[in-house]
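Residue numbers (the numbering used here): 42 to 122. For every residue, glycine included, the Cβ atom is placed at its ideal position computed from N, Cα and C. Quantities reported herein were computed from a predicted structural model and do not represent experimental measurements. To keep things clear, I will list the structure first and then write my remarks on it.
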Amino acid sequence: MSNINPDDLKALVCQHITDAQVDVHCYSGDDHFEMTVIAASFEGQSRVKRHQMVYNALGDNMRAAVHALALKTQTPTEASK
42 MSNINPDDLK
52 ALVCQHITDA
62 QVDVHCYSGD
72 DHFEMTVIAA
82 SFEGQSRVKR
92 HQMVYNALGD
102 NMRAAVHALA
112 LKTQTPTEAS
122 K
């Protein structure tokens, strides 16, 4: 398994979801992460579609470097409530 850090994960998501604000924390060892992604491009998308967008941005890292990911996705309006 290759190691990845929170900054790497954030960069991958921001590269693919260009309007994203991303907060990532490692919470156990080096392969368990908690991520919040806020993006206007999530507007009108289901939770499943939003998560798919993030997983697609992370690519092979979801199989190789990330064992667990607690993911929260919101639009800016949802985040401001």
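The beta carbon of Tyr-68 lies closer than 6 Å to those of Glu-75 in the same chain, with the five residues before and after it left out. Inter-residue distance for Asp-49 and Val-107 is about 11 Å (C-alpha atoms, whole angstroms).
Per DSSP, Val-89 is one residue of the alpha helix (DSSP H) stretching across 88-99. Going by DSSP, Glu-75 is part of the beta strand (DSSP E) stretching over 73-79. An exposed status is given to Arg-104, since fewer than 16 other beta-carbon atoms sit within 10 Å of its beta-carbon. The C-beta of Arg-88 has fewer than 16 other C-beta atoms within 10 Å across all chains shown, which makes the residue exposed.
For Ser-82, the secondary structure class from DSSP, reduced to helix, strand or coil, is helix. Between Val-54 and Ala-98 a beta carbon distance of about 5 Å is seen, short of the 8 Å cut, so the two are scored as contacting.
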